[in-house]
Amino acid sequence: MLRGMPLPRPDHDTQPFWDAAQEGRYVVPRCAACGVGHWPPGPMCPHCFGDEIAWGDAPTRGSVYSWVVATHPVAEVLVDQVPYAIALIDLEPGVRVVGNVVGCDPSAIQAGMAVEVFFEEREEGVRVPNFRIPSGNLEA
Numbered sequence: 016m017l018r019g020m021p022l023p024r025p026d027h028d029t030q031p032f033w034d035a036a037q038e039g040r041y042v043v044p045r046c047a048a049c050g051v052g053h054w055p056p057g058p059m060c061p062h063c064f065g066d067e068i069a070w071g072d073a074p075t076r077g078s079v080y081s082w083v084v085a086t087h088p089v090a091e092v093l094v095d096q097v098p099y100a101i102a103l104i105d106l107e108p109g110v111r112v113v114g115n116v117v118g119c120d121p122s123a124i125q126a127g128m129a130v131e132v133f134f135e136e137r138e139e140g141v142r143v144p145n146f147r148i149p150s151g152n153l154e155a
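Going by the numbering used here, the first residue of the sequence shown is number 16, and it counts up by one from there.
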């Protein structure tokens, strides 16, 4: 787990994401005009420039597109966390999100590796979504 990571600071664009996470749901913004999901959240659709955004449930399984392994802490709170992996995860066509991949050695991460969302319980009851290798895919 990444217990040393700072807690989220929701804003106008991300509040629905964090509200859903509290309920154990992983959601992405979707354009009401064209129906395409996108990330990151924002006030308009990056595909058709529509300005009516609705949040909807996203797949909870995806695959690693790319990743970086942090080996040097950028803040004192992260000293005990390195190394950790930050990845771009493909959830569905057109929706690529950012998240931490936990529960495996960061050097074992590969492009195309299957991952699933899980929610880490943090202080003050905050739930933070992360990604892990699905339990059926773990090597013995």
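C-beta atoms are modelled at their ideal positions from N, C-alpha and C, and glycine is treated no differently.
Compute the Euclidean distance between the alpha carbons of residue i and residue j, then round it to the nearest angstrom.
i, j, result
"residue 120", "residue 100", "9 Å"
"residue 39", "residue 74", "13 Å"
"residue 24", "residue 142", "12 Å"
"residue 54", "residue 112", "6 Å"
"residue 21", "residue 90", "10 Å"
"residue 26", "residue 127", "31 Å"
"residue 72", "residue 31", "11 Å"
"residue 94", "residue 33", "26 Å"
"residue 125", "residue 46", "31 Å"
Taking C-beta to C-beta, are residue i and residue j nearer than 7 Å?
i, j, result
"residue 147", "residue 117", "yes"
"residue 61", "residue 44", "no"
"residue 80", "residue 103", "yes"
"residue 110", "residue 50", "no"
"residue 42", "residue 35", "yes"
"residue 78", "residue 123", "no"
"residue 131", "residue 108", "no"
What does a CB cutoff of less than 7 Å around residue i pick up in its chain, not counting 5 residues either side in sequence?
i, result
"residue 97", "85, 86, 87 and 88"
"residue 114", "102, 104, 144, 145 and 146"
Tell me which residues share the same chain as residue i and place their Cβ nearer than 6 Å to its Cβ, disregarding the 5 neighbours each side in the sequence.
i, result
"residue 59", "66"
"residue 83", "101"
Could you please give me the residues that DSSP links to residue i through a beta bridge?
i, result
"residue 99", "85"
"residue 78", "105 and 129"
"residue 57", "In the DSSP output, where bridge partners are listed per residue, residue 57 has none listed."
Give every residue of the same chain whose Cβ lies closer than 8 Å to the Cβ of residue i, excluding the five residues on either side of it in the sequence, and list them in chain order.
i, result
"residue 133", "144, 145, 146 and 147"
query = Are the stretch 134 to 150 and the stretch 53 to 68 in contact at 8 Å, needing three or more beta carbon pairs?
reply = Flag = no, the stretch 134 to 150 and the stretch 53 to 68 do not touch.
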